[in-house]
Amino acid sequence: MPLSRDEQFNAIAAELGYSFEGEIKIGGNYTSVLRHAEYVYISGQVPRVGSDIVVRGRVGDETSLAQAQLAAKICVMRCLVLLRNSLGSLDKVAGILRMTVFTQSAADFTQQSEVGDAASDILYRLFGETGVHTRTSVGVYQLPKNASVEIDMIAIAREGACSGGTR
Amino acid sequence: MPLSRDEQFNAIAAELGYSFEGEIKIGGNYTSVLRHAEYVYISGQVPRVGSDIVVRGRVGDETSLAQAQLAAKICVMRCLVLLRNSLGSLDKVAGILRMTVFTQSAADFTQQSEVGDAASDILYRLFGETGVHTRTSVGVYQLPKNASVEIDMIAIAREGACSGGTR
Amino acid sequence: MPLSRDEQFNAIAAELGYSFEGEIKIGGNYTSVLRHAEYVYISGQVPRVGSDIVVRGRVGDETSLAQAQLAAKICVMRCLVLLRNSLGSLDKVAGILRMTVFTQSAADFTQQSEVGDAASDILYRLFGETGVHTRTSVGVYQLPKNASVEIDMIAIAREGACSGGTR
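Residue numbers (our numbering), protein chains in the order written: chain U, 85 to 251; chain X, 85 to 251; chain C, 85 to 251.
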């Protein structure tokens with residue numbers, strides 16, 4: 085019997101060596117995830133685990149492509165936790181419409197797509213064709229708390245998926 | 085009797101010391117606000133009042149966090165004027181799905197979230213829980229006309245809200 | 085008899101001197117275009133023709149505004165090819181909700197809106213009032229493959245437009 089998506093998520097988390105089960109706290113008057121009709125919007129996520137930003141710094145300078153790819157994986161796992169908490173289960177996800185990947189880049193770092201690929205690969209592994217999304221990858225100058233990567237997302241919920249508040 | 089949202093908007097404008105009632109002109113072949121079904125998209129707004137960009141420059145360098153927060157407030161007030169003009173009244177707003185906050189940042193300025201908070205606070209003050217939105221805050225390298233901040237938004241209109249053209 | 089939008093697209097392509105008919109290949113586990121209900125999301129497009137990035141470099145430094153405007157035109161033409169391939173014809177487009185224009189900018193380059201105007205002009209020429217969209221233009225620090233401009237888009241499909249897979 086194949087793994088459920090939630091079990092598969094746990095397997096990926098174990099491989100990465102991080103737990104994503106802690107509460108995702110918000111400092112301001114906004115929310116991490118908001119659903120309207122079948123559309124689920126997820127706020128920009130940095131590679132935070134607990135209270136630590138795991139990957140910081142300018143990619144292509146003090147931070148390597150491999151570290152940025154790890155950052156992208158952590159960002160997308162955080163998006164997925166929010167999605168799971170909002171819908172009850174990742175099995176309630178009907179699609180991912182858009183992912184935007186912001187990489188804190190050195191002046192001559194041009195592999196923003198390769199950073200995004202690390203996040204896209206997790207979506208594909210977890211959801212298969214259902215996880216195939218549109219994507220925009222750009223290189224920004226800074227990110228909150230000196231994070232190396234930030235990712236936001238718009239997902240589609242299956243009809244009838246419940247919607248938990250997650251502010 | 086509590087203030088209507090439109091009256092509350094005017095009170096916030098008075099506190100900020102700016103009038104947002106002038107026409108918002110567009111230079112090119114696009115529009116400031118566009119509604120489709122209940123979704124209202126608002127173009128990126130810089131902190132312009134009349135023909136002046138009120139807050140310019142790189143935040144964390146020539147421009148302070150406090151000035152950037154003022155810029156974010158002006159940007160979000162401009163978004164709100166567009167929303168009000170499009171729907172007839174801010175009382176027709178059913179929610180804010182997404183706000184994206186772009187801050188023109190110095191190389192080591194990492195308080196983009198604190199800039200975004202200033203805008204989120206205005207939405208919460210005006211709309212309460214209805215104004216709780218998802219948010220993405222990033223640090224960019226430049227913005228049109230050397231603006232310090234640019235904000236765009238997707239809002240939800242109440243059923244039956246009229247939709248005025250606002251090109 | 086007026087030109088169809090697809091004929092008009094071909095006329096603009098001929099003026100620009102580029103062919104956009106080659107397959108648009110994707111390197112990773114994502115897609116160039118994805119439709120849900122009437123919403124069509126298009127991934128960030130760089131000014132690529134065939135396997136070449138036609139306009140590279142930092143705008144306002146090694147790359148001029150005029151070259152960046154050409155880049156923006158090529159980016160939007162790529163978005164339009166994807167839209168056409170997805171819907172069968174540009175005549176199936178009912179609107180453009182949002183265009184986001186990312187310009188790889190020099191520290192003091194502040195004409196990001198003028199870059200975006202070049203893309204908006206093509207949408208207006210092709211679609212008339214139907215092509216009037218909301219827009220966000222920002223100046224980023226780098227882009228994939230050192231592209232000077234990247235553009236993504238959300239379009240609206242007419243009811244009944246078919247949807248071809250385009251991964």
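We put the CB at the ideal spot given by N, CA and C, even for glycine.
**Study point:** Bounding residues of the beta strand (DSSP E) (the contiguous stretch that carries Leu164 (chain C))
**Key:** Not the beta strand (DSSP E): Leu164 (chain C) falls in the alpha helix (DSSP H), residues Leu149 to Leu171.
Exercise for review: On the DSSP bridge assignment, give the partners of Gly179 (chain X) in chain order.
Suggested key: X:Ile240
Point to revise | Counterpart residues of Glu234 (chain C) in DSSP-defined beta bridges | key: Its beta-bridge partners are C:Phe186.
Practice item. Can you tell me which of the three DSSP states Thr194 (chain X) falls into? Key: Thr194 (chain X) carries a coil assignment under DSSP once its states are collapsed to helix, strand and coil.
Review point. Quick one: what's got a C-beta closer than 8 Å to Arg168 (chain U)'s C-beta in the same chain, skipping five residues either side?
Key: Asp90, Phe93 and Leu174
Review point. Helix, strand or coil: how does DSSP classify Leu87 (chain U) here?
Key: coil
Check your understanding: Do we get a CB-CB distance below 8 Å when we pair Lys229 (chain U) with the residues of chain C?
Key -> no
Practice item. Give a yes or no on whether the C-beta atoms belonging to Ile96 (chain X) and Ile206 (chain X) are separated by under 8 Å. Key: yes
Review point. Going by other Cβ atoms of all chains shown within 10 Å of its Cβ, with 16 needed for buried, is Pro86 (chain C) buried or exposed?
Key: exposed
Check your understanding: Which partner residues of His217 (chain X) appear in the DSSP bridge assignment?
Key -> None; His217 (chain X) has no bridge partner.
**Study point:** C-alpha gap between Ser103 (chain U) and Val233 (chain C), whole angstroms
**Key:** 37 Å
Review point. Hey, is the stretch 197 to 205 of chain X in contact with the stretch 202 to 219 of chain C, meaning 3+ C-beta pairs nearer than 8 Å?
Key: no
Exercise for review: State the DSSP-derived secondary structure class of Ile206 (chain U), mapped to helix, strand or coil.
Suggested key: helix
Practice item. For the stretch 209 to 225 of chain X and the stretch 179 to 196 of chain X, state whether three or more C-beta atom pairs, one from each stretch, are separated by less than 8 Å. Key: Segment contact: the stretch 209 to 225 of chain X against the stretch 179 to 196 of chain X, three or more CB-CB distances shorter than 8 Å; contact assigned.
Practice item. Could you spell out the range, first to last residue, of the beta strand (DSSP E) harbouring Ile126 (chain U)? Key: Tyr123 to Gln129
Exercise for review: Check the Cβ of Ser197 (chain U) against every Cβ in chain C and list those closer than 8 Å, keeping chain order.
Suggested key: Gly111, Gly112, Pro228 and Lys229
**Study point:** Partner residues on chain U for His120 (chain C), Cβ-Cβ distance less than 7 Å
**Key:** Gly179, Leu181 and Ile240
Practice item. Would you tell me roughly how many angstroms separate the C-alpha atoms of Ala98 (chain X) and Tyr114 (chain C), rounded to the nearest one? Key: 47 Å
Review point. What is the residue span of the beta strand (DSSP E) that Leu118 (chain C) lies within?
Key: Val117 to His120
Practice item. Could you list which residues in chain C have their beta carbon closer than 8 Å to that of Phe193 (chain U), in chain order? Key: Gln226
Exercise for review: Assess, as a yes-or-no matter, whether the stretch 191 to 202 of chain U is touched by the stretch 112 to 127 of chain U under the definition of 3 or more beta carbon pairs within less than 8 Å.
Suggested key: As far as the Cβ criterion goes, the stretch 112 to 127 of chain U does not touch the stretch 191 to 202 of chain U, which means the pair count is below three.
Review point. Do we get a CB-CB distance below 8 Å when we pair Ile126 (chain C) with the residues of chain U?
Key: yes
Review point. Do Val224 (chain C) and Val224 (chain U) have their CB atoms nearer than 8 Å?
Key: Yes; because the gap between Cβ atoms is below 8 Å, this pair is in contact.
**Study point:** Residue-chain proximity (Asp236 (chain C), chain U), Cβ-Cβ < 8 Å
**Key:** Yes, contact with chain U.
Review point. By Cβ distance below 8 Å, which residues in the same chain neighbour Asp192 (chain X) in space, the five residues on each side in sequence not counted?
Key: Gly144
Check your understanding: With DSSP run on the structure shown, which of helix, strand or coil describes Gly200 (chain C)?
Key -> helix
Review point. Looking at His120 (chain U) and Ile126 (chain X), is the spacing between their C-beta atoms short of 8 Å?
Key: no
**Study point:** C-alpha gap between Gly172 (chain X) and Ala245 (chain X), whole angstroms
**Key:** 8 Å
Check your understanding: Between Thr250 (chain C) and Leu166 (chain C), what straight-line distance do the alpha-carbon atoms span, to the nearest angstrom?
Key -> Note that Thr250 (chain C) has pLDDT 44, beneath the 50 cutoff, so the model's placement of it is unreliable and no number is given.
Check your understanding: Taking Cβ positions only, does Asp175 (chain U) come closer than 8 Å to chain C?
Key -> no
Review point. Would you say Ser189 (chain U) and Arg142 (chain U) are within 8 Å of each other, going by their C-beta atoms?
Key: yes
Exercise for review: Reducing DSSP to helix, strand and coil, say where Ile137 (chain X) ends up.
Suggested key: Three-state result, Ile137 (chain X): strand.
Exercise for review: Please check the pair Leu210 (chain C) and Lys157 (chain C), which I expect to be a contact at CB under 8 Å, by giving their CB distance rounded to whole angstroms.
Suggested key: Contact doesn't hold; Cβ gap of about 12 Å is too wide.
Exercise for review: In angstroms with no decimal places, state the Cα-to-Cα distance between Ile110 (chain X) and Glu146 (chain X).
Suggested key: 28 Å
Exercise for review: Show which residues of chain X have a CB atom less than 7 Å away from the CB atom of Asp136 (chain C).
Suggested key: Near Asp136 (chain C) there are no residues of chain X at all, since even the closest Cβ is about 25 Å away, more than 7 Å.
Practice item. State the DSSP-derived secondary structure class of Gln223 (chain C), mapped to helix, strand or coil. Key: Note on identity: in this sequence residue 223 (chain C) is Gly, with Gln being the wrong assignment. Of the three classes helix, strand and coil, the one that applies to Gly223 (chain C) here is strand, per DSSP.
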